[in-house]
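A.B. asks: First the structure, then my questions, so here it is.
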Amino acid sequence: MLTGVHFLLTYKCIFECDHCFLYSGPSAEGTFTIENVRQALRQMKNVVSINSAYFEGGEPFLYYPLLIESARLAKSMGFDVGIVSNAYWATTFEDALIWLAPLADIGVADLSISDDSFHHEGVDESPAKIALRAARKLGIPSDSICIEAPKSVDESAGLGGKMVVGGDVLFKGRAVDKLLGDLPRLKYTNFRDCPHENLKSPERVHLDPFGNIHICQGIVIGNINMIPLKEIMNGYHPEMHPIIGPLMSGGPAELARKYGFDISGGFVSHCHLCFEARRALMDEFPEYLTPKQVYGR
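46 is the number of the first residue of the sequence shown in our numbering; add one for each residue after it.
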C-alpha cells in the first residue's frame, strides 16, 4: 500500500558523488515549480493511503524558497513532511540554525542528513554533524545517512574463500561507472530477485520534476502530468510492465535473459545487473526507462 511520495525537488546538486543513484550534479536538469508541487500534493490527497511527503534531490536546499513553501504546503494538507539533504549550507552552528528554523516552525517530522566520505571528507566536524546538532537544538527529528564505500571482503570462513562485496553502495546510477573497479563479480544467475524494492505493492514512490513516478530510480510506472496519480496506482499491474514484470518473475537475471542482454562479464550485485540491462534497453522502452540523465546519458 502506497504511503509516501518522495519528491525529487531538483536533480541538481552541488556535489557529483560517485555513488549517486540519479547521476545528480551541478549540470543536472529538472527542478519543480511550486505550482507543480501544489498539483502533485492535490493528487496525493486523492490517494487515501498516502500520509507522507519527502523532499529530496539532488539537493533540495539549492532552491530554498521552493523547499520551504513545498514543506509548508504539504504540512498544511495533512502530510507528514521529511527532508533529505547533504547539509552543504551548515557552515557554522549559527548559520545552520537560521537555515533550519523555518522548517522547525513548519513542523518537519524527519530530517535525514548525508554524512559520509562521499559528501564530507577530511574535516574535523562535517557540515552534516553541524546540521544535526542544530536540528536537535530546534527539536527537529533527525538522523544521518552514512554510506560506506564498496570493498572486497574475504568471507572464507563461511564461503570457502570466496570474495564478496562489502559496504552500503547500491550499484546503480553513477556508482556503476565510478565504483566497480576490481570488485568481485558473480554469474548473472545469482541475481534472481529484487532485494531492495517491493515491486508488487510499493509503499513509497519517487516523483521527479517531469512528472515521472519512479518505482525505483529510472523505472517509471506513469506520469502524473498525463494520468492522475490515483489512476496510475489503481491501474498498476506490475506483472504487465515490460521491466517490472521480468524483475518480479526472476529478478535482474530474468530481465537480462528476456531481452538478450550480454551477461558474459559477470556482475557485482543485483542492482549492477539490473542497471546495466536497463541502460541497454533505454531506447527500446523510453516511456518506462527515463529520464536518460538518470542513466548517465
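Even for Gly, the Cβ is constructed at its ideal location relative to N, Cα and C.
Would you kindly check if the distance between the Cβ of residue 225 and the Cβ of residue 316 is under 9 Å?
C.D. replies: Here the question's residue 316 lines up with position 271 in the sequence shown. Here the question's residue 225 lines up with position 180 in the sequence shown. Contact flag unset, no.
A.B. asks: If you count every other CB in all the chains shown that lies within 10 Å of the CB of residue 160, and 16 or more means buried, which is it?
C.D. replies: Taking the sequence shown and counting its residues from 1, one reaches residue 160 at position 115. By the neighbour-count rule (16 or more Cβ atoms within 10 Å), residue 160 is buried.
A.B. asks: Restricting to Cα atoms, I'd like to know which of 67, 50, 49 is closest to residue 57.
C.D. replies: Locating residue 57 in the sequence shown gives position 12, counting from the first residue. Answer by Cα proximity: 67.
A.B. asks: According to the Cβ coordinates, are residue 155 and residue 187 closer than 9 Å?
C.D. replies: The residue you call residue 155 lines up with position 110 of the sequence shown. The residue you call residue 187 lines up with position 142 of the sequence shown. In this structure, residue 187 lies closer than 9 Å to residue 155 by Cβ.
A.B. asks: Check the C-beta distance from residue 253 over to residue 75 and give it rounded, since I have them as a contact under 8 Å.
C.D. replies: Taking the sequence shown and counting its residues from 1, the one referred to as residue 253 is at position 208. Taking the sequence shown and counting its residues from 1, the one referred to as residue 75 is at position 30. Confirmed, Cβ separation roughly 6 Å.
A.B. asks: Using a Cβ-Cβ cutoff of less than 8 Å, which residues in the same chain neighbour residue 88 once the five nearest sequence positions on both sides are dropped?
C.D. replies: Residue 88 sits at position 43 when you count from the first residue of the sequence shown. Cβ within range, chain order: 269, 273, 274, 275.
A.B. asks: Evaluate residue 102 with the Cβ neighbour count: other Cβ atoms within 10 Å of its Cβ, from every protein chain shown; 16 or more gives buried, anything less gives exposed.
C.D. replies: As a working note, residue 102 is residue 57 in the sequence shown. By the neighbour-count rule (16 or more Cβ atoms within 10 Å), residue 102 is buried.
A.B. asks: Where are the alpha helix (DSSP H) runs, 4 residues long or more, that stay fully inside the segment 234–300, in chain order?
C.D. replies: With a minimum length of 4 residues, the continuous alpha helix (DSSP H) runs that stay inside the segment 234–300 are 274–279.
A.B. asks: Bridge partners of residue 143, per DSSP?
C.D. replies: For the purposes of this step, residue 143 is taken as the residue at position 98 of the sequence shown. Answer is none; residue 143 lacks a bridge partner.
A.B. asks: Classify residue 232: buried if its beta carbon has 16 or more other beta carbons within 10 angstroms, exposed otherwise.
C.D. replies: Counting from one through the sequence shown, the residue named residue 232 turns up at place 187. The residue is exposed, with fewer than 16 neighbouring Cβ atoms inside 10 Å.
A.B. asks: Taking residue 126 as part of the beta strand (DSSP E), name the residues at either end of that continuous run.
C.D. replies: Here residue 126 corresponds to residue number 81 of the sequence shown, with the count starting at 1. Residue 126 -> beta strand (DSSP E) spans 125–130.
A.B. asks: Looking at the structure shown, is residue 67 part of a helix, part of a strand, or coil, going by DSSP?
C.D. replies: Here residue 67 corresponds to residue number 22 of the sequence shown, with the count starting at 1. DSSP places residue 67 in coil when its eight states are reduced to three.
A.B. asks: Do you know offhand how far residue 329's Cα is from residue 311's?
C.D. replies: Here residue 329 corresponds to residue number 284 of the sequence shown, with the count starting at 1. Here residue 311 corresponds to residue number 266 of the sequence shown, with the count starting at 1. C-alpha separation (whole angstroms): 23 Å.
A.B. asks: Need the endpoints of the beta strand (DSSP E) that residue 98 sits in, please.
C.D. replies: In the sequence shown, counting from the first residue as 1, residue 98 sits at position 53. From DSSP, the beta strand (DSSP E) with residue 98 extends over 97–101.
A.B. asks: What separation, rounded to the nearest whole angstrom, lies between the Cα atoms of residue 341 and residue 219?
C.D. replies: Here residue 341 refers to the residue found at position 296 of the sequence shown. Here residue 219 refers to the residue found at position 174 of the sequence shown. Between residue 341 and residue 219, the C-alpha separation is close to 7 Å.
A.B. asks: Where residue 300 and residue 320 are concerned, what is the direct C-alpha to C-alpha distance, given to the nearest angstrom?
C.D. replies: Within the sequence shown, numbered from 1, the residue matching residue 300 stands at position 255. Within the sequence shown, numbered from 1, the residue matching residue 320 stands at position 275. Going from the Cα of residue 300 to the Cα of residue 320 covers about 10 Å.
A.B. asks: Mapping DSSP to helix, strand and coil, what is residue 346?
C.D. replies: Residue 346 falls outside the range modelled here, since the chain spans only 46 to 342, and no answer is possible.
A.B. asks: Tell me whether the segment 88–100 and the segment 132–142 touch, counting them as touching only if at least three CB pairs, one residue from each stretch, are closer than 8 Å.
C.D. replies: The segment 88–100 is not in contact with the segment 132–142.
A.B. asks: With 16 other CB atoms within 10 Å as the buried threshold, where does residue 164 fall?
C.D. replies: Numbered from 1 along the sequence shown, position 119 holds the residue referred to as residue 164. Here residue 164 scores only 44 on pLDDT, less than 50, and its place in the model is too uncertain to base an answer on.
A.B. asks: When you compare each of 144, 108, 104, 153 to residue 127 by their alpha carbons, which one comes out closest?
C.D. replies: Against the sequence shown, residue 127 aligns to sequence position 82. When each option's Cα is compared against that of residue 127, the closest is 153.
A.B. asks: If we ignore side chains and look at the alpha-carbon of each, how far apart do residue 146 and residue 278 end up?
C.D. replies: Counting from one through the sequence shown, the residue named residue 146 turns up at place 101. Counting from one through the sequence shown, the residue named residue 278 turns up at place 233. Cα-Cα distance, rounded: 36 Å.
A.B. asks: Going by the CB atoms, is the gap between residue 190 and residue 158 shorter than 9 Å?
C.D. replies: Translated into the one-based positions of the sequence shown, residue 158 becomes position 113. Translated into the one-based positions of the sequence shown, residue 190 becomes position 145. For residue 158 and residue 190, yes; Cβs fall inside 9 Å.
A.B. asks: Locate the beta strand (DSSP E) running through residue 183, then write down its first and last residues.
C.D. replies: As a working note, residue 183 is residue 138 in the sequence shown. No beta strand (DSSP E) contains residue 183, which is instead part of the alpha helix (DSSP H) from 172–183.
A.B. asks: For residue 290, collect the residues of the same chain with a Cβ closer than 7 Å to its Cβ; drop the 5 residues on either side in sequence, then sort them by chain order.
C.D. replies: As a working note, residue 290 is residue 245 in the sequence shown. Excluding residues within five positions, the ones whose Cβ falls inside 7 Å are 283, 284.
A.B. asks: Going along the chain, which residues of its own chain have a beta-carbon closer than 7 Å to the beta-carbon of residue 97, five neighbours each way excluded?
C.D. replies: Position 52 of the sequence shown, counted from the start, is the residue given in the question as residue 97. Answer for residue 97: 48, 49, 124, 125, 127, listed in chain order.
A.B. asks: Taking the Cβ atom as the reference point for each residue, do residue 296 and residue 237 lie within a distance shorter than 9 Å?
C.D. replies: On the sequence shown, position 251 is the one that residue 296 refers to. On the sequence shown, position 192 is the one that residue 237 refers to. The answer is yes: Cβ separation under 9 Å.
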